[in-house]
Every structure is written in C-alpha cells, then in structure tokens.
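K.L.:
Okay, here's the structure, questions in a sec.
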Amino acid sequence: MKAKVIITPKPEVLDPQGKTVQTALEHMGCTGVGEVRVGKYIEIEMDGDADTVKAKLSEYADKFLANPNIEDYRLKLED
Amino acid sequence: MKAKVIITPKPEVLDPQGKTVQTALEHMGCTGVGEVRVGKYIEIEMDGDADTVKAKLSEYADKFLANPNIEDYRLKLED
Amino acid sequence: MYPAPAITPELIAEHGLTPEEYERIQEIVGREPNFTELGIFSVMWSEHCSYKNTRALLKGFPVESPRVLVGAGEENAGILDIGDDLAISFKIESHNHPSAVEPFQGAATGVGGIIRDIFTMGARPVCAINSLRFGELDNSEVRRLFRGVVSGIAHYGNCFGIPTVAGEVYFDKSYEGNPLVNAFALGVLRHDQIARGAAKGVGNPVFYVGPATGRDGLAGAAFASQDLTEESAEQQRSAVQVGDPFMEKLCMEACLELLATGAVAGIQDMGAAGLTCSTCETAARGGTGIEIDLAKVPQRSPGMTPYEILLSESQERMLIIVHKGREEEVKRIFDKWDLPWAEVGKVTDDGMMVVKNHGEVVATVPAAKLADEAPLYHRDSKEPEYLQKTRALQLADVPALAKPEAALAKLLGWPSIASKNWVYRQYDHMVRAGTAINPGSDAAVIRVKADSYPPLPIDEPQDDIPDKYLAMSVDCNGVQVYLDPYEGSKATVAEAARNLVCSGARPLGATDNLNFGNPHNPELFWQLKESVRGLAEACEAFGTPVTGGNVSLYNQNPAGAIDPTPTVGMVGLVEKPEHITSQWFKDEGDAILLLGQAVESDDPLLGLGGSALLQVEHGRKEGTPPPCDLAKEKTLHDALLGLIETGVVKSAHDCAEGGLAVALAECAISELTARQTPRLTGAEIDLSKAECERLDALLYGEAHGRVIITTSEAEAGAAVDRAKLLGVPSARIGTVTGSDTLDVKAGDNSLSWNLSDLHDVWWNTIARVMDKK
Amino acid sequence: MKFAVLQFPGSNCDQDCVHVLQNVLGHPTRLLWHKESVLGDVDAVLVPGGFSYGDYLRTGSIARFSPVMQAVKEFADQGGLVLGICNGFQILCEAGLLPGALIRNRSLQFRCEHVYLKVATQDSPFTQAIPEGKLLRIPIAHGEGNYFCDAATLEELEAKDQILFQYADRDGDVTDHANPNGSLKNIAGICNTARNVAGMMPHPERAAEPALNEDDGRLIFESLIAGLNPAPAPA
Ligand SMILES: Nc1ncnc2c1ncn2[C@@H]1O[C@H](COP(=O)(O)OP(=O)(O)O)[C@@H](O)[C@H]1O
Ligand SMILES: [Mg+2]
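Chains as they are written, first to last, in the numbering used here: chain A, 13 to 91; chain V, 13 to 91; chain D, -4 to 768; chain R, 43 to 277.
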C-alpha cells in the first residue's frame, strides 16, 4: 500500500523557505498571499495492512523521517 | 483560505533523497519497504474564493513552484 | 500589561540566580525587579554573557602587542594590524549545548553567530574554521550528531559564501552527549573602517535590522550556562533557533555598505541574549543610556511578551545606532537589500536602559551596572583525584608491541587521526578564489585580495591594496590537557603556532575557546585555572596576544565532565607567497630532515604519556604527557621560518598525534590531486642514529617541538647546519623515493609499509563509518 | 572584450569571476545587479555561482524571474555569449536557456573537491581554445549538481554535440566512479543548440591563476575571448 508522510515546520519555528516563497510570489505580482510554509512530502510503498504500516511508519517518522525538534508530521494511508 | 501544493519528482526522475530514505529504513530494520519518493509540501494562506485561488496557484505552480522538467504537482484546497 | 508571574525564590532559582545575586539586583534597581527585569538580569549575568566565574582568570592572558588595534574584551572581536593600513578581526565561539539538542541548526547558527561578530567590527568575513568534538563513532547517536553538525556548518557557510578552510575533529567518549562545536571566523578591513559597538550621541535613533523576532532560542545564554540535562535540553527543544544564511549575507552586505556612508554611530549584533545584551552593552560602552519600544520591534509570532522579545535569540539581527538626520541612508540601503528594519528607540543621557512596550515602561535598569557589574566569583579549586592514578603510569607498564609496525595503520585509521575529508569536502573551502592551501595540510593559507575589503564610501577613489596571505589553524589535544592541564594547554598553543610556521606564516595572535565542565566543582575549576595559566604563558612566549575568545562551561554528560578542551585558534601572516609551504613530500630525491629531537630522553615516558598509541593499542588514557618546553619551541619556530624564508624548504609537517611515524606517513599520502586521486610519494627513512631503546616510543611517541621538512638533495647539508646554528637539533633522516612504500630503518629493525594500504585506512575510515547509516 | 557578471543578492562567486576576467585576463568587466533590466554594452555575460535568492525552494527558481535575467534571455536570443557557472548553470536551466535540470547530488551531500574534466567537444565558443585531449583539473562545489534530463533531450544533446564537459578519472575515462554527483552521462557542462549559451557545474574561475597553483580553468575563458576578437594584450 502507499503511505504518505507529510512533514511541516512547527508553527513557532522560522521557515526561511516558506518566507522566500512568500516574498517571491508577492514580487511576481501574486496578490493576497499570506503565510507560506514549506515542508516535505514522502510517499512510501509498503507491505502490510493499514494498521501495521501505520504503526511502523509512526515509529520511523519519529526517529528518522521528521526532525521532532523543528517539525511536525502526519501520516496518510491510501488504499 | 489555506491551499496546499504537493510537488513530487516525476516517476522517471532519479530521486536521490527517496533512495536514501528507502535504504535507511531498510538498514534500520523496517521491513517491506518498497519505493520511496520525496517531494515538497507547500501550505499557502491565500485570499479569495476557491476558484480564484486555484487559478492563481496553478499559474504560479506551473511557472515557479514546480519545475515541469522534473516535477509534477497537485493542488488541494481546504475550506 | 500581561499577567507576569510573581517573583518568588523558586522563580529566581529557575533563572539561575542565587539569593545573593538577587539581593545585588535589588540594590542596583533600587526596588524589587519585575519579571521582565529578572529575565534581563538572568541572561546578562549568566556565565555565557558575564564570565562571572572566569573573568578573574582571563585577566592572566597577554593581550597586548604592537599589532593590537582592538584588544580582547573591548568589543565584539579583537583587531590586529597586518601592515599597509590593513587589519584582521577574528574570534572563536562555542555553540555546544544548542548543537547537542539540534545538531544541524545548532551548528549552523553557531557559524552565523560568529560571522556576525566579525562584520559587526566593520570587517568583511573571509574565512571560517571550526573545532569539533564528539563521542566515539561506534555509537549511532554520536554519528547522528556528527552528521548533523557537519551538514549544519556546511549549509550555513556554503550558502553565506565564506570558505571553511580548516578545522579539527576529535572523538572521545567524554564528549558523548555533549559535543563541542567551536566556530571561528576571520574578517578583513582597513584601519579606518573599524566599527564600534557603542551607543554614542544622545538623541541618535536606534535601528533594528534583520528578520522579525520570534520565540526561538529563548534564553539560550542561560541554557548554555547550566549543566546539560534532559530537562534543560527539553526546554531548549521547544525553542530551536533556525538559521537563515541568505538573510545573514544580505544583512552583512547592507551593514558594510551602510558603514561606508559614515551614518553609523554604533553597531552591534544580537547574539546571545539578543536585544537585551545588544542594548545594554552598547549603552554601557557609550557611557549613555538607551530607550527602546518593543512594540516597534518586528515580531514573527503574535502575542509575544516583553520578556520574550527581550530574551529571544532569533538569528541574523543587528542593532544600529545612526547619526541623527541620516536615517534615510539606513532606509535606502536596507530597502535595496530587501531587509526588514525598524527604528525602535534612541540614545539617552541618563545611563538607563529603558524598555517600553506601546509606550508603557516595562523595564528600567542602569545599563552599565547590568552589563559590567555582574558578580565576580573566585571558585575553589583542588587538584583532581584522577591525576594520582593517571600520573602513576610508568614506561614499564606499557608492554612493548609484538608487531610495532602494525600500529601505524591502526593509528591512521583511528578517527581522531584519520583524514577528515568526509567533513571538509562538504564545506565549500574555495569560494572567494583565495584558498592557497586547502584543508588537509597543517594550516590553511588564504590570499586576501583587494576586493575582499569592505566597500569604501562611493565618492572615495579605490585604493591600491596589496595581496595578503594569512594562515590559520585551530588546535587542542584534549587528552593531554586532561592529563596535565598546564602542560597540555601550553602544548595546544605550541601546536597551533607550529602548524602556522610549517605553512610559512609568522603567528600574530590567538583566540581561545575554553570548553570545560561545571566550575562549581573544584576539581574541574582547577583544570580551568591550570589550563588558563598554560595558555597564557605559551601565548606570551610566542608573542601572540589573545584577542578574544569564548568560555563554555557546564559541558558534561551524566558520566561526568568532558575532557578539558581549551581550543586555540591562531592566525599568522605569510610574508611572501613563495613562503607558503604544504606538508606533503614534493619531489623524488629530496632530502628528509628532522628538526627537533627524535626522542626526548628526559621524558620518563619517552613521549608515550597520553599518546594516541597508548589509547589505541593499550586502551589507556593515562600517563604524564610530554612536557612542552616553550623556549625550545620558539627557537624551532624561528629557525624553521628562517629556513622557509631562504627558500630551501619544499615541505614541512609537524609531529603531533601518532608521533614521527604518523607524521611521515601523512607526508607520503596526504597530497590529493583530485577526488579519489591521491598522489603517493614513498620515502626511505633511517632512524638508526636516534638513541632509543623503545621502538614504539621512537615511532609513535609524541614529544613536542618536532618538524619534518624536505629540501633538495643539494641543499640538505646546509639546511641541517643552519638549523643547528639557530639552536635546533636537526638531522637528515631520509630521502623521498617516490615509490609506493614507506621504509623505515631503526636499529636492527627494517619496517616497510605499503602506501596504498595506509592511504586507504587513513582516507576512508570516517566515510566508511558514516556511510554505514 | 567586455564582460558582465550578474549579481544576485546571494551570489558569492561574482567577485571571483570579476577578478579573473579583469585582473588576471585583463578584460573590462562589470557587475550587473539583479534589479537591472538593461545589459548595456557587453560581449559576454557570466552567471556566477552562489545561492541567488537563498535558493531554498529549488536552485535558480526565483532568479529566472529577475529583471536582469529577462535581459539575458534577449541577449542570448540574439546570439550573445552566456556562461553559467554552478548556480549560474542551475539558473540557466530553470530559465529554459538550457535543457534539463540539476537535482540533489546522489550522496545528498555538498561536495567541494577537484575533479578531472574530459572536454567532450572543442566545437564551442567555450572550449575551442582547449588543446585536443587535454584533461582539465578544476574544482566543484555544489549540493545540487546532478544533471538530469529526459531520454529524448539526452539523445538530442548527444546528437547535436552539446555535451561540453564530463567528469572523468585521471586517465580521462568517463566512469561511474569518477562521477561526483550522479549526473547523467557524467555531464558536467552543456551548451544549447545554438552553441552560444553554456552551463557548467565546475568553477573555472577558481582555477585560473598559477598563484593558486592551478590554471586549467583559464582555458575556458580564453576560449571565449579567442572567439570574440583578436586577443588584447593580457594584463
Ligand atoms: N572540521 C574540519 N573542517 C575543516 N578542515 C578540517 C576539519 N578537521 C580537520 N580538518 C583539516 O584536516 C587537516 C588535518 O587536521 P589535524 O589532524 O587536526 O591537523 P594537525 O594535527 O596538523 O592540527 C587540517 O588541514 C585541518 O584543517
Ligand atoms: Mg599539524
């Protein structure tokens, strides 16, 4: 099954990437842009049923895929 | 409203980050891992109704947020 | 006003202040401080900002020389004259605790912080170096920290566009969980471009420039001033500072451009203790007062309290005091660089630091008292117990090795000795097109050309500036310092100076980073005291004043304190480009000379005390390290420089960890023509003349004051004679053969090593461990 | 001949390029700020290395929209010579002046080291003065230098002889082992079909002075200069 891990910078953490994109959009004439945050999107093909995959991925997301100091993550499973 | 742009490397493009994540997961003893692809996840706060936001973002995703040579993107709007 | 917590003894203790300190604060403010003021005092009086436990000791450092233009402690960094009305500014600073918590960002912001210290002085930063310590690499957590720190340094320096040209990395169990990340930066400027961090001129407006303030790094200075524990780390995790090197580059360019206009009365970076430190220190230096309104400070997070805004350590921010009437220039330049700025206050005449929020006063503190009258402690010190045991080691306790030649590959593959290419190939060490000696030799050498200096006022004609060649190195053998803080610290300075001299430079000055444990522990304080004594004596001996530095205490993990690590960064000037010398053998047929005594016979351990050999082969971190005779060292350095200046020296490499054998091997294997393409240059060595009953000591002993040089065959004899004339024992010990082996004869022993094998372990060990995942 | 070197706020090899062109090779060279929209009187444009606008999202992604890049596009369309180095190469790809893209190094690490470059063709204004068979030794310094393009583009690059430089070993063999970043066919530099726009990841400006012990990079600038006019007396 295909699982997705969405990793985003924590709200209170500075996000230079997001800031850059925001300013760039404004400079390009895109109006009405508010805050922009840039994170990561990981797609993982993985064997097992939804529960197993979820359990496994949470474990690895915590200790490896995301940096808990500055990032939050969420999992999504596709069927 | 909050819009999301999900950018993923095209299937035919080498994804060194995905490859590294995949091997690392295997090394850490995570079994059953298939292909891993690492992309970007952009959250944008934007004024306007769904149609306007969608139209604007497609424009900027095409020309700026994603590189069509190597990346695909999709938009998601939240209400 | 927001509901501020009441001041209780617990709250005071949480702020790291003692009851006596609190009394002193009451005296200074003339009443009970409020919560915001308590926060202000707690960060300013933390060890990190006030040096309250070390200030007395640091007075022992030599700080003067005819070259000193700005001395230690005067400003954010010291400044030395390099001739032709040009000057350098350099300093080292630690970011140990933040890196323990979040290695990538911790190290990155460490680099960012030290770069700001340099351009605050009006100098353009032109190179960076770093000194790192980690636990042992078989531990995956250590590898994670190591990987994170190195990529953090790389990220910041590479993107900023500063070459990271040298450094050192050691691995030892004592640093497990408490890595050391010491970052050094050097900048260049003209004499008349020196900028000051003083709030001068009553009525002058105060500007804040750089990105908005967030809740990141809240009270980081205080965090750095306590033992690293699970709780303190957890607290800090919620406030990780994220660096933005691009922003810093803009900030630097804008500040240098602004300084050239003459509109600036004072400038200071916001580093540790952010807005608090920069405002009260500039006022204290200017003998003035300062008033700011926090509501005008750009803020990233909604609802920040005055306490948070004042204590935030958000990165890449500067405080600039502008001559009244010239505000427009600030605005024009900062707008050009698309940088946020805000006028936040003004210089006053009453000596007070007054902080308002939307017009309402939230803190009033006498600036000079806050900045300069932090308590001063003379801590108890006591010789540590462990020295009894470590000093007891006798040569007889060290069994001779069955196969002494086998130790060489082991030593070369010992991560502390192995090539650090896995580290420095991640750093852009060539940007600015001026690196004359890349990482991988004794010291880095850079060429500084006219375009490196900060801009001149627009209407001023360009001046004619000669190229300058600077060498730098950072050193510290923590094990030797652990085993004998005084001698080990002298040796640290000696090694730094020797590395410069080997590269053809005359040492000019030093900066030090004292990384130690908790100063309340008398044994640890004794280490610090002895170490400072050694550093001071050695700096005096080499004529290299200390121009600034940093103290990082409370470096411990649950198992105890780190090995005392007084890192020394030293900078030297190469007179002429022809003098630039690298460590590897050059041409077939060249003569190999040893300057200095092969073995110090009056050292009872023959150089094996605290040696790498003892650690690697015998698993012991013991013994009295070889003594460091400063007079002999100085004589050696002068003689070597003399030889280099006559043009006969084709390569020079000093002997450090792993002794003569490791140094010889490095001469033969360390030249790199391109990636994965070493140039191996074998040699034949005859050590038979060296009187030494112990082959292990002859090969791997670590006596100080030794350098291997090569000259052409024709000039060898004269070079030996000249060195002797200059008072340095010296001898021809071999010939560069260019073959693929290193062959050593010592007494009845004939040893031979295959260079490809040696190169492989030396070059690849760290990469192999790190790429294992 | 007259050079212009672009200057984005995050450029950090701009001064190095100016130094080599002006002080080492003796040709008048101007820095051109990213907000400028006119190139003025120039014979060739260099897009230097660095991190144009921080390059956090994707290298070069913002730079291509800068006013100065619009001018560079026009200049290139009219046959003007444009050389992008490192970040400059990334920008030219993003701007569509060169095909393909540069993605993360396969090691995921930044790499700064010397490499050997095989000159795949002398038939370009950027390589014409390089002696036949000469292997260049020039440093790289990048985290995203892994050249990628789709199969059709690669075929065209090869068919039209657009590959200029390939990473090689010391014997000049183009091997995977010699590839520092995973780039397709070991590509280190290419030009467009009109052969007036080129990009390369290695930094010739860092290898253009005997004073720093290396000057193979000089041959690339000398190629450019030789093509344009009879050489002026070098400084
Ligand atoms: N962290 C680092 N960053 C950059 N260069 C480094 C680093 N660590 C080591 N090096 C380089 O590797 C070489 C060998 O370092 P080291 O063994 O500490 O030398 P020495 O014993 O002469 O002081 C030096 O050129 C040094 O600058
Ligand atoms: Mg050395």
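Where a beta carbon is used, it is the ideal one built from N, C-alpha and C, also for glycine. Source: prediction; values computed, not measured.
Here's the rule: buried if 16 or more other CB atoms are within 10 angstroms of the residue's CB, otherwise exposed. What is D/Val356?
P.N.:
Its Cβ having fewer than 16 others within 10 Å, D/Val356 is exposed.
K.L.:
Can you tell me where the alpha helix (DSSP H) holding D/Val563 begins and where it ends?
P.N.:
Counting along the chain, D/Val563 falls outside any alpha helix (DSSP H), though it belongs to the beta strand (DSSP E) covering 560 to 569.
K.L.:
Given this structure, state the Cα-to-Cα distance separating D/Ile83 from R/Asp203, to the nearest angstrom.
P.N.:
Distance between the alpha carbons of D/Ile83 and R/Asp203: 49 Å.
K.L.:
Under the rule that 16 or more other beta-carbon atoms within 10 Å means buried, what is D/Pro57, buried or exposed?
P.N.:
So D/Pro57 ends up on the buried side.
K.L.:
Report back the beta-carbon spacing between A/Ile18 and A/Gly60 to the nearest angstrom; my notes put them in contact at under 8 Å.
P.N.:
In fact, because the Cβ distance is near 20 Å, the residues do not count as touching under 8 Å.
K.L.:
Closest by CA to R/Phe93, which one among D/Gly143, D/Cys650, D/Gly156?
P.N.:
Checking every option, the nearest Cα to that of R/Phe93 belongs to D/Gly156.
K.L.:
Figure out for me which residue from D/Lys740, D/Gly700, D/Ala709, D/Val201 has the closest Cα to the Cα of D/Pro724.
P.N.:
If we check each option's Cα against that of D/Pro724, D/Gly700 comes out closest.
K.L.:
What's the call for A/Glu71, buried or exposed, on a 16-neighbour Cβ count within 10 Å?
P.N.:
Flag for A/Glu71 reads exposed.
K.L.:
Considering only C-alpha positions, which residue in the set D/Ser307, D/Gly605, D/Lys47, D/Gln294 is nearest to D/Thr13?
P.N.:
Checked all of D/Ser307, D/Gly605, D/Lys47, D/Gln294; the closest Cα to D/Thr13 is D/Lys47.
K.L.:
Alpha carbon to alpha carbon, how far is D/Arg674 from D/Pro665? Give it in angstroms, no decimals.
P.N.:
In the sequence as displayed, the identity of residue 665 of chain D is Ser instead of Pro. Rounded to whole angstroms, D/Ser665 to D/Arg674 spans 8 Å at the Cα level.
K.L.:
Could you give the C-beta distance for D/Val292 and D/Cys246, rounded to a whole number, given that I count them as a contact under 8 Å?
P.N.:
Between D/Cys246 and D/Val292 the Cβ distance is about 16 Å, and since that is not below 8 Å, they are no contact.
K.L.:
Assess, as a yes-or-no matter, whether the segment 122 to 134 of chain R is touched by the segment 75 to 91 of chain R under the definition of 3 or more beta carbon pairs within less than 8 Å.
P.N.:
Yes, they touch.
K.L.:
So which residues on chain A does D/Met247 lean against when the C-beta distance must stay under 9 Å?
P.N.:
Those do not exist, as D/Met247 stays about 16 Å from chain A at its closest Cβ, beyond 9 Å.
K.L.:
Does the beta carbon of R/Ile262 sit closer than 8 Å to a beta carbon anywhere in chain A?
P.N.:
So, not an interface residue.
K.L.:
What's the gap between the Cα of D/Ser683 and the Cα of D/Ala741?
P.N.:
Cα-Cα distance, rounded: 5 Å.
K.L.:
Which residues in the same chain have their Cβ closer than 6 Å to the Cβ of D/Pro28, if we skip the five residues on either side of it in sequence?
P.N.:
Excluding positions up to five away in sequence, the list reads Ile20.
K.L.:
Output the residue ranges of the beta strand (DSSP E) runs that lie fully inside the segment 348 to 389 of chain D and measure 3 residues or longer, sorted by chain position.
P.N.:
Here the runs fully enclosed are 355 to 361.
K.L.:
Once DSSP output is grouped into helix, strand and coil, what is the label at D/Val144?
P.N.:
Helix.
K.L.:
Of all the residues that make up the segment 181 to 203 of chain R, which are near chain D by a beta-carbon distance shorter than 8 Å?
P.N.:
Those would be Pro181, Ala183, Gly185, in chain order.
K.L.:
Go through the segment 599 to 625 of chain D residue by residue and report every complete run of the alpha helix (DSSP H) that reaches 4 residues or more, in order.
P.N.:
Correct list: 607 to 613.
K.L.:
Once DSSP output is grouped into helix, strand and coil, what is the label at D/Ala72?
P.N.:
Coil at D/Ala72, not helix or strand.
K.L.:
Quick check on DSSP: helix, strand or coil for V/Pro19?
P.N.:
Before going on, a small fix: residue 19 of chain V reads as Ile here, not Pro. Reduced to three states, the DSSP call for V/Ile19 is strand.
K.L.:
Alpha carbon to alpha carbon, what distance is there between D/Tyr165 and D/Ala255?
P.N.:
One C-alpha to the other measures close to 41 Å.
K.L.:
Have a look at A/Thr35, A/Lys14, A/Val25 and flag the residue whose alpha-carbon is nearest the alpha-carbon of A/Ile82.
P.N.:
When only C-alpha atoms are compared, the closest one is A/Val25.
K.L.:
Is it right to say D/Glu482 is buried, meaning 16 or more other beta carbons lie within 10 angstroms of its own, or is it exposed?
P.N.:
Answer is buried; the Cβ neighbour count reaches 16.
K.L.:
Is any beta-carbon of chain V found at less than 8 Å from that of A/Ile18?
P.N.:
Yes - at least one Cβ of chain V is within 8 Å of the one on A/Ile18.
K.L.:
Taking a cut of 8 Å between CB atoms, which residues from the segment 153 to 176 of chain R lie near chain D?
P.N.:
Cβ contacts with chain D: Arg153, Cys154, Glu155, His156, Val157, Tyr158.
K.L.:
Between which two residues does the beta strand (DSSP E) holding A/Glu83 run?
P.N.:
Taken as a continuous stretch (DSSP letters only), the beta strand (DSSP E) holding A/Glu83 covers 83 to 89.
K.L.:
Which residues of the segment 210 to 232 of chain R have a Cβ closer than 9 Å to any Cβ of chain D? Give them in chain order.
P.N.:
The residues in question are Asp211, Arg212, His219, Ala220, Pro222.
K.L.:
Taking CB distances under 8 Å as the criterion, tell me whether A/Ile56 reaches chain D.
P.N.:
No, because no Cβ of chain D sits closer than 8 Å to the Cβ of A/Ile56.
K.L.:
Taking buried to mean at least 16 other C-beta atoms within 10 Å of its own C-beta, is V/Ala62 buried or exposed?
P.N.:
Exposed, by the Cβ-count rule.
K.L.:
Which residue or residues does DSSP assign as beta-bridge partners of D/Trp336?
P.N.:
DSSP lists D/Val204 as partners of D/Trp336.
K.L.:
Tell me the residue span of the alpha helix (DSSP H) that contains D/Cys246.
P.N.:
D/Cys246 -> alpha helix (DSSP H) spans 240 to 256.
K.L.:
Looking at chain V, is there any beta carbon in it that lies within less than 8 Å of the beta carbon of R/Gly142?
P.N.:
With 8 Å as the cut-off, R/Gly142 counts as an interface residue toward chain V.
K.L.:
Is D/His90 closer than 8 Å to D/Val176 when the C-beta atoms are compared?
P.N.:
Contact flag set, yes.
K.L.:
Does the contact criterion of 3 or more C-beta pairs under 8 Å hold for the segment 613 to 620 of chain D versus the segment 536 to 554 of chain D?
P.N.:
Touching, no, given that fewer than three Cβ pairs across the two stretches are closer than 8 Å.
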